[in-house]
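Protein chains: 2
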Amino acid sequence: MCDYQTSKSYRVRQAPKRASYDRALVHSILDEGYVAHIAFVVDGLPVALPMFYVRDGESVLLHGSRKSRLVKHLVGGAPFCLTVTHLDGLVLARSAFHHSMNYRSVMVHGRAERVTGEEKTRAMALITARVRQGRPSGERPANEQEAKATEMLRLPLVEVAAKVRTGGPLDDEADMALPVWAGVIPMQLVFGEPVRDVASVPVAVA
Amino acid sequence: MCDYQTSKSYRVRQAPKRASYDRALVHSILDEGYVAHIAFVVDGLPVALPMFYVRDGESVLLHGSRKSRLVKHLVGGAPFCLTVTHLDGLVLARSAFHHSMNYRSVMVHGRAERVTGEEKTRAMALITARVRQGRPSGERPANEQEAKATEMLRLPLVEVAAKVRTGGPLDDEADMALPVWAGVIPMQLVFGEPVRDVASVPVAVA
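Protein chains in written order, with the numbering used here: chain G, 1 to 206; chain Z, 207 to 412.
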């Protein structure tokens, strides 16, 4: 897979040594996440909203109420910035200046496309499968009214940049002998034990 | 503590029943997080960047390189939107339409203030303490050059809104008997075991 051919204006400016345009890396960061922050502009002012998403090949799918401000703006062709960030750890250095954090992030700029017809049904199924986390399907699919109330958006992966920091502190040579704890406190988003809804009827699957 | 007196244009529009302007709730959501997504507008286009932050009373502190695009824009008085989101779980319903997620988010709109002088030293110490996670201090403080390269920004908590979803699926009555697993898969950001930097000199503290 070749790298993303991201335009200069959408490439990483700050600490470009941590930038990557590698397609497999971008996919892996997106595939690990559930919530993206979608920024758009309303009357000249920025708004960033957390949205559930799923990657579908070379695009990201979002869904939302047809009446929502984000959906209205994006359907209307407003530019978006999608950012997905995984915080992997706090990095404690031997100097305050070199304290840092480990993270993997992806930023995508562009304009969204409305997903309709059979593509919409497929997109909704992808979102549903992502929520379900491998559990067997069996939930009632959206009826006509529900599907009508839900807008599906496709955000193309064209103007894409990843930024990643890994590893331990990068201290100045002169600070290496300071008697202070230095290292990484790892962080991770983990799943807990599923909690079955009390009103449930008996089913075979956990 | 009285609620935030958030202007109408910055109140939650979508699913307002999940909105809150409660000060203690907003503080607790902010205090649990490490990374905020900061949206701002560059040449009419939205940008959302992940930034380390710490709450300081009725404001949020950010730091960044003086040369960074975000810092330049915010120091220049550009409006921001700060969003902090905790994903607490995936909610599996008995119908696709009612699948959801549990989350706690805070959104803040406004313009940042530059922090200077003694206030800047104090703000930098708050950021450092947040990274250190209760470990004893002892790292070398920023020297003059490092402090000069770092800009500290204060984002006032005035136009503030929280949005929270908790609990199990909210299914339609007609779907309650469907033989499908329904409930919540909890999610949580957890710390792992600290990994000491191999180049460290012996210290008493873990």
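Each residue gets a CB set at the ideal place from its N, CA and C atoms; glycine is no exception.
- Look at residue 269 of chain Z: its C-beta is not under 7 Å from any C-beta on chain G.
- Taking one beta carbon from each stretch, the region 385 to 392 of chain Z and the region 294 to 306 of chain Z have 3 or more pairs nearer than 8 Å; the two touch.
- Pairing residue 243 of chain Z with residue 83 of chain G gives a Cβ-Cβ distance under 7 Å.
- Each of Z:403, Z:309 and Z:350 was checked against the Cα of residue 177 of chain G, and the nearest Cα belongs to Z:403.
- The region 34 to 50 of chain G makes contact with the region 250 to 263 of chain Z; the number of CB pairs closer than 8 Å reaches 3 or more.
- Residue 171 of chain G sits in coil when the DSSP states are folded into three classes, being neither helix nor strand.
- In the three-state DSSP reduction, residue 128 of chain G falls in the helix class (H, G or I).
- Residue pairing by DSSP places residue 339 of chain Z opposite no residue, since no beta bridge is assigned to it.
- Around residue 218 of chain Z, the same chain offers 225, 367 and 369 as residues with beta carbons nearer than 6 Å, after the five sequence neighbours per side are excluded.
- Close partners of residue 101 of chain G in chain Z (Cβ separation under 8 Å): 240, 241, 258 and 337.
- One Cα belongs to residue 54 of chain G, the other to residue 126 of chain G, and the distance between them is close to 7 Å.
- Residue pairing by DSSP puts residue 56 of chain G in a beta bridge opposite G:59.
- With three or more CB-CB distances shorter than 8 Å, the region 298 to 310 of chain Z counts as touching the region 124 to 141 of chain G.
- Per DSSP, reduced to three states, the secondary structure at residue 121 of chain G is helical.
- Note on geometry: alpha-carbon atoms of residue 363 of chain Z and residue 60 of chain G lie some 32 Å from one another.
- Of the residues assessed, residue 114 of chain G falls on the exposed side of the cut-off, its CB having fewer than 16 other CB atoms within 10 angstroms.
- With respect to residue 283 of chain Z, residue 317 of chain Z sits close: the two C-beta atoms are nearer than 7 Å.
- Looking from the CA of residue 325 of chain Z, the closest CA among Z:232, Z:211 and Z:360 belongs to Z:360.
- Contacts between residue 16 of chain G and chain Z, judged by CB atoms closer than 8 Å, are missing: the closest CB pair is about 12 Å apart.
- Residues of chain Z with a Cβ closer than 7 Å to the Cβ of residue 197 of chain G are, in chain order, 374, 375, 388 and 389.
- The Cβ-Cβ distance between residue 169 of chain G and residue 182 of chain G falls below 7 Å.
- Judged by DSSP in its simplified three-state form, residue 67 of chain G adopts coil rather than helix or strand.
- A direct Cα-Cα distance of roughly 46 Å separates residue 129 of chain G from residue 342 of chain Z.
- Chain-order list of chain Z residues neighbouring residue 74 of chain G: empty, with the shortest C-beta distance near 11 Å, by a criterion of under 7 Å.
- With 16 or more neighbouring CB atoms inside 10 Å of its own CB, residue 212 of chain Z falls in the buried class.
- Under a criterion of Cβ atoms nearer than 8 Å, the residues of chain Z adjacent to residue 94 of chain G are, in order, 345 and 346.
- Boundaries of the alpha helix (DSSP H) harbouring residue 353 of chain Z: 350 to 355, taken from the DSSP string.
- In this structure, the beta-carbon distance from residue 277 of chain Z to residue 357 of chain Z falls below 7 Å.
- Just measuring C-alpha positions, the residue of Z:262, Z:281, Z:223 and Z:396 sitting nearest residue 234 of chain Z is Z:262.
- Think of a sphere of 9 Å around the beta carbon of residue 69 of chain G: the chain Z residues whose beta carbon falls inside it are 219 and 220, in chain order.
- In the three-state DSSP reduction, residue 28 of chain G falls in the helix class (H, G or I).
- If you look at residue 22 of chain G, you'll find it isn't in any beta strand (DSSP E); DSSP assigns it neither H nor E.
- For residue 275 of chain Z against residue 355 of chain Z, the beta-carbon gap comes to about 15 Å, at or over 8 Å, which does not count as contact.
- A residue is called buried once 16 or more other Cβ atoms fall within 10 Å of its Cβ, and residue 380 of chain Z, having fewer, is exposed.
- Cβ neighbours of residue 171 of chain G within its own chain (closer than 8 Å, five residues either side excluded): 93, 94, 95, 98 and 182.
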